[in-house]
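Below is one structure; the comments refer to it alone.
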Amino acid sequence: MKKILFILLMLVSITAFAENDVTKFLGIPVDGFKQDMIQKLKAKGYRYNAASDCLTGEFNGSDVEISVATNNNKVWRIMVVDANYSSETDIKIKFNKLVGQFQNNKKYMSGTLTDQMLSEKEDISYEMLVNKKRFQAYFFQFPADTLALRVALKSHLAGKFTLEQIEHPSEKEQQEMVLESTNYLFDIYAKKIVWFMINEEYGKYRIIMYYDNEYNHSNGEDL
Numbered sequence: 288m289k290k291i292l293f294i295l296l297m298l299v300s301i302t303a304f305a306e307n308d309v310t311k312f313l314g315i316p317v318d319g320f321k322q323d324m325i326q327k328l329k330a331k332g333y334r335y336n337a338a339s340d341c342l343t344g345e346f347n348g349s350d351v352e353i354s355v356a357t358n359n360n361k362v363w364r365i366m367v368v369d370a371n372y373s374s375e376t377d378i379k380i381k382f383n384k385l386v387g388q389f390q391n392n393k394k395y396m397s398g399t400l401t402d403q404m405l406s407e408k409e410d411i412s413y414e415m416l417v418n419k420k421r422f423q424a425y426f427f428q429f430p431a432d433t434l435a436l437r438v439a440l441k442s443h444l445a446g447k448f449t450l451e452q453i454e455h456p457s458e459k460e461q462q463e464m465v466l467e468s469t470n471y472l473f474d475i476y477a478k479k480i481v482w483f484m485i486n487e488e489y490g491k492y493r494i495i496m497y498y499d500n501e502y503n504h505s506n507g508e509d510l
């Protein structure tokens with residue numbers, strides 16, 4: 288009975304953590320109702336265009352168009368699109384500058400161990416046209432409350448291992464706990480993903496950015 292109660296408390300802890308720690312855009316949680324999000328963005332100075340259902344303004348030094356995507360009436364994505372196109376040379380510079388900005392921002396960690404910068408030799412137009420290659424980079428927002436994350440991780444492990452195993456683990460159990468912890472933390476980080484890609488239209492290029500709250504993303508529940 289105690290074990291069941293403990294697991295229930297664990298689930299409450301993890302659920303509460305997930306509900307309170309979601310992707311943010313300009314400090315605004317990517318969550319809630321679409322109209323509320325639009326009002327919050329308007330309060331930031333963005334102008335809403337009802338005809339195109341997007342907001343316009345400046346973001347990170349560029350003129351942009353911002354769209355709000357929902358799933359089951361809950362916001363799950365903010366899409367930020369360059370309002371102006373760039374040449375191939377300029378878009379490579381802009382892409383790499385953006386990668387550098389994210390790498391130097393303490394709120395983010397890289398979503399991959401590989402270098403996400405584009406090399407000077409990268410032939411973007413050829414690769415996109417012939418090889419259908421997608422040029423993108425992605426990062427995870429760090430949890431806002433690391434203490435709550437540690438509590439959630441401990442609760443998660445307590446649901447997978449006994450107290451005896453946690454306090455006096457064998458070498459095999461230690462390895463299993465490290466793997467379980469790594470997978471759990473990666474899953475948490477991956478729920479707060481921010482990524483961007485190069486979009487090409489008739490030989491002109493622009494950056495599209497996505498701030499995704501994967502907790503609200505569709506998982507086939509409507510099938």
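In the numbering used here, the protein residues as written are 288 to 510.
Yeah, the Cβ is synthetic: ideal placement off N, Cα and C, and Gly gets one too.
As the structure is a computational prediction, the values presented were derived from the model and not from experiment.
Using the Cα positions of residue i and residue j, report the straight-line distance between them to the nearest angstrom.
i	j	result
Met288	Thr449	Confidence is the limiting factor: at Met288 the pLDDT is only 39, short of 50, which leaves the residue's position unreliable, though a coordinate-based value still follows. Whole-angstrom Cα-Cα distance: 14 Å.
Asp509	Glu352	29 Å
Ile301	Glu487	Its pLDDT being 47, under 50, Ile301 is placed unreliably in this model, and the value from its coordinates should be taken loosely. Distance between the alpha carbons of Ile301 and Glu487 is about 41 Å.
Asn391	Lys384	11 Å
Tyr489	Met415	12 Å
Leu472	Ile315	23 Å
Ile453	Ala439	15 Å
Pro456	Thr433	25 Å
Asp369	Val481	16 Å
Leu405	Phe382	8 Å
Thr310	Ile380	26 Å
Lys441	Thr469	12 Å
Glu467	Ala435	18 Å
Thr357	Met324	11 Å
Lys331	Lys394	21 Å
Arg437	Glu409	41 Å
His443	Val355	33 Å
Lys491	Ser373	6 Å
Using 10 angstroms around the beta-carbon of residue i, count the other beta-carbons present and answer buried if the total reaches 16, otherwise exposed.
i	result
Lys459	exposed
Lys478	buried
Val299	Reliability fails at Val299, whose pLDDT of 42 lies under 50, so the model's placement of it is uncertain and the value that follows must be treated cautiously. Exposed, by the Cβ-count rule.
Gln322	exposed
Val417	exposed
Lys419	exposed
Ile475	buried
Ile378	buried
Val465	exposed
Tyr413	exposed
Leu328	buried
Leu342	buried
Gln403	buried
Does DSSP classify residue i as helix, strand or coil?
i	result
Ala431	coil
Lys329	helix
Glu454	helix
Gln461	helix
Phe389	helix
Glu508	coil
Val417	coil
His473	According to the sequence shown, residue 473 is Phe rather than His. Residue state, collapsed to three classes: helix.
Met324	helix
Lys394	coil
Val309	coil
Phe422	coil
Glu407	coil
Val317	coil
Excluding the five sequence neighbours on either side, which residues of its own chain have a C-beta within less than 8 Å of the C-beta of residue i, listed in chain order?
i	result
Asn371	Ser349, Asp350 and Arg493
Asn360	Phe320 and Lys321
Gly507	none
Phe389	Tyr395, Ser397, Ala424, Phe426 and Val481
Tyr333	Leu342, Thr343, Gly344 and Ile353
Ala338	none
Spatial neighbours of residue i within its chain, please: C-beta separation below 7 Å, excluding the five flanking residues on both sides.
i	result
Met484	Arg421, Phe422, Gln423 and Ile495
Phe346	Val367
His504	Asn358 and Trp363
Short of 6 Å in beta carbon distance, which residues of its chain neighbour residue i, apart from the five on each side in sequence? Order them along the chain.
i	result
Ile411	Glu375
Asp308	Pro430 and Ala431
Task: Any 3 or more C-beta pairs closer than 8 Å across the region 494-509 and the region 361-373 - done: yes
Task: the region 382-402 contacting the region 425-436, beta-carbon criterion three pairs below 8 Å - done: yes
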